[in-house]
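All the letters of the sequence shown, read from the start, carry residue numbers 142 to 720 under my numbering. The structure under discussion appears below in the form of structure tokens.
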Amino acid sequence: MDRLRQMFTVVANDDGTTSATRIQRHILGSGIQLDDFRLQTTMERLQALGDTLIDFEAFAALVSDELLMLNRVFRRELVIPDWQEFCTDIETVFKQVAPLVSGNNASYIPILRDADPEKWGVALCSVDGQRIEIGDVDVYHSIQSVSKPITYAYAIEKEGTDFVHQFVGAEPSGRPFNSLELLPDLRPFNPCVNAGAIMTAGMVASSWPEREAREITTEIMNLWSGLCGDCGEVRYSEATMLSEKDTADNNFAIAYLLRGGRGLPRDVDLHKMLDLYLSCCSIEMTASMLAVAAATLANGGVCPITGRQVLSTEAVKKTLSVMQAAGMYDNAGVFTLEVGLPAKSGVAGAVLTVVPNLMGFATFSPRLDPCGNSVRGVAFCRQLVELFTFHIYDSLSGGRTGCKRDPRASQHNRKQRDLSDLRWAVSHGDRYALKVRDLLLESMVAITLADGEIEEPELETMAETYAEIMGHPPEHGELQAMALSRQSQIEAIDSPDPFEQLLQHLATEQLQLDDNARELILEAAFRVACADGEIEPEEDVQLRGIAGALGISEGVLELEIARFQRQRAGERAFPVSPW
Ligand code: GLN
């Protein structure tokens, strides 16, 4: 069928027509917003059509100008193909983190001290411009230290890397963000701690000798607008700025120290430098806007929702490196260990995180840990990376990730290819493929036997599950034979618990199995355990046992169970297979 026809079929009703609403709903389902710049013409045409029914010819004319983009949207070929599924997982994590109430608001200025500590929002934007927002994503708050990497990027663009790094280092400091300590050569450790950011502000301030700090801040606000694709208004809080100035003794101390050490760039005025630093902290944005800015960084400087190159890829590379090394202050090392992503936090409660080539996200929750990072923000990042292969080193080839999910399109296709290879190899007697198949059968049988004898309907369920996963029914009598031999083992008086035996077997074999194979085995067990539509407590224990023996992380299993329960509540069709 012609591609255009295929696209039409996706949205067509039985009578061979469709409607503007249906098309818009399909677009929204891919994660793309209706005001996306790449679909402007189509949206205008849809608007004009109103309630008119759209036949194939009208559809062809409608989509012709933005066909490439619409083709990707309709075929779900965006960077995160199964957007709905991904969003539901993000919501699950959002809810898991919400109950955390430890930590305190920053209290050095009234506006932060008095902010509502209950606020909790997560916004996320993929490099293809797919967006999800949950909770308090429209609350304006000062960006504080989240400004630091962007002022650094601005300085790199304006002055070049060599000039910038004459004045500031790129070493993690391992010290609190407001520490007065400097590198042995008296440069600040990096652009993400106060000393480094004050120095960066000094460089920028010195390059505009004729302009006031506030005017230069407008330049930087324009950069922020570009980064967030103008999806909201970048604001400036005079009140925050005044309080910041009132309480800036420590920052003044740093500034004097810098001036008395190596000196300031082009002998810039110390007050102008501090004014610029503090007013960059006083820029106000929302999580929704920061997420798009993060996605622009993830996309090498090209804003996904406007297509505009806002920063050079070179500047982004440097910025992300600095964020990776120092974005989370004196927790940066542990954060890299656990989360492995470039991120930047601010004391108002924002955390901006970048998953290079995939997405950016921002969280907002004002309660801070002792390092000055948002408690929920950090917990969200950690939880997310437990479930998804987003840690930079989750990409180690040949590595096992605990069967974390990977929502990327390339992974999706690869898994599909791997499964079809496995099926093909089984049919030709490949040893590895047969082992996977046997373990899968063994697991299904053990689960079914755990509650007594295997009955005829249970055999059928196993056969169906097998057929769905392997692409063809099991060989005649294969399941019965295995079930019988297992059953006689159980009946043999001194035989150890057969389920324990299975777990031991899986635990030994899993060392030789890749993530795909392990997921398949768990999936088979899962489907058999849940065939009656419930996860009984003992089945829950068994599934956890199997997942544990296979080295599949608990979080991933929880996600699988949550998906199952959603399906039970009638939201989505089961099975949710990675393929
Ligand atoms: N305005 C704050 C300061 O300079 C910013 C610090 C931060 O967000 N960590 O102390």
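Virtual Cβ for every residue (Gly too), placed ideally from N, Cα, C. Owing to the predicted nature of the structure, the values given are computational and were not obtained by experimental measurement.
Nearest-angstrom Cα separation, counted from I424 out to P719: Low confidence applies here, because P719 scores a pLDDT of 33, under 50, leaving its location unreliable; read the following figure in that light. C-alpha separation (whole angstroms): 42 Å.
Test item: CB-CB of T301 and L324 under 8 Å: Reading off the sequence shown, one finds Gly at residue 301, where the question assumed Thr. The answer is no: Cβ separation not under 8 Å.
Rounded separation between R316 and L419 - CA only: 21 Å
Cβ atoms of F318 and G518: under 8 Å apart, would you say? no
To test your reading of the DSSP string, which unbroken alpha helix (DSSP H) runs of 4 or more residues are found completely within the region 498 to 553? 516 to 528
Going by beta carbon distance, what residues of the same chain come within less than 6 Å of E680, once the five residues before and after it are set aside? Short of 6 Å from the beta carbon of E680, and not among the five residues preceding or following it, lie these beta carbons of its own chain, in chain order: A670.
Going along the chain, which residues of its own chain have a beta-carbon closer than 7 Å to the beta-carbon of D255, five neighbours each way excluded? none
Distance check for G170 and E712, CA to CA, integer angstroms please. Residue confidence for E712 is low, a pLDDT of 49 falling below 50, so the modelled location carries little weight; the figure read from the coordinates is stated next. So the two alpha carbons sit approximately 14 Å from each other.
From A714 to T233, what distance separates their C-alpha atoms? Caution is warranted here: a pLDDT of 40 is assigned to A714, below 50, making its placement in the model unreliable, and no coordinate value can be reported.
Assuming the contact rule is C-beta atoms closer than 8 Å, L399 and L405 should be a hit. Round their C-beta distance to whole Å, please. Distance from L399 to L405 at the Cβ level is roughly 6 Å; contact confirmed, criterion being Cβ atoms closer than 8 Å.
Distance, L647 Cα to A633 Cα: One C-alpha to the other measures close to 22 Å.
At what residue ranges does the region 302 to 345 contain a whole run of the alpha helix (DSSP H), taking only runs of 4 or more? 302 to 308
Here's a check: name, in chain order, each residue in its chain whose Cβ is nearer than 6 Å to the Cβ of A608, leaving out the five neighbours to either side. P614
Go ahead and label S515 buried or exposed: buried means 16 or more other beta carbons lie within 10 angstroms of its beta carbon, across all protein chains shown. buried
Return helix, strand or coil for F715, following the three-state DSSP convention. Residue placement at F715 is flagged as unreliable, the pLDDT there being 36, under the threshold of 50; the coordinate-derived value follows with that caveat. Looking at F715 - three-state DSSP - the assignment turns out to be coil, as it is neither helix nor strand.
Could you tell me the boundaries of the beta strand (DSSP E) in which E356 lies? First-last for E356: 354 to 368, but that is the alpha helix (DSSP H), not the beta strand (DSSP E).
Nearest-angstrom Cα distance between M184 and L175? Their backbone Cα atoms lie some 7 Å apart in a straight line.
So, helix, strand or coil for S283, using DSSP? strand
With distance defined between alpha-carbon atoms, name the residue in C522, A665, K260, L620 nearest to N246. K260
Can you tell me which of the three DSSP states Y377 falls into? strand
I'd like to know whether the C-beta atoms of I231 and I273 end up nearer to each other than 8 Å. yes
Between the C-alpha atoms of D409 and G343, what's the straight-line distance to the nearest angstrom? Residue identity differs from the one stated: residue 409 is Val in this sequence, not Asp. Answer to the nearest angstrom: the Cα atoms are 6 Å apart.
Can you tell me the Cα-Cα spacing of A389 and A466, whole angstroms? 26 Å
Am I right that V345 and L417 are in contact with their C-beta atoms under 8 Å? What's the rounded C-beta distance? 6 Å
Between the alpha carbons of I361 and D656, how many angstroms are there, rounded? 45 Å
Taking the DSSP output, what are the residues bridged to I275? V263
Assuming E583 is part of the alpha helix (DSSP H), what are its boundary residues? 572 to 590
Nearest neighbour of A394, chosen from S243, I339, H282, C369 [CA to CA]: I339
Where V480 sits in the DSSP three-state scheme: V480 carries a coil assignment under DSSP once its states are collapsed to helix, strand and coil.
Just confirm the distance between the C-beta atoms of V433 and C369, as a whole number of angstroms; I'd bet it's less than 8 Å. 4 Å
Helix, strand or coil for S171, going by three-state DSSP, please let me know. coil
Quick one: Cα of V451 to Cα of Y295, how far? The alpha-carbon atoms of V451 and Y295 are separated by roughly 10 Å.
M426, enclosing beta strand (DSSP E) - first and last residue: 424 to 426
Give a yes or no on contact between the region 691 to 698 and the region 659 to 678, applying the rule of three or more CB pairs nearer than 8 Å. yes
Using the C-alpha atoms, what's the distance from E353 back to T359? 10 Å
Taking the alpha-carbon of E139 as reference, which of R685, Q645, R572 has the nearest alpha-carbon? Since the first and last residues shown for the chain are 142 and 720, residue 139 lies out of range.
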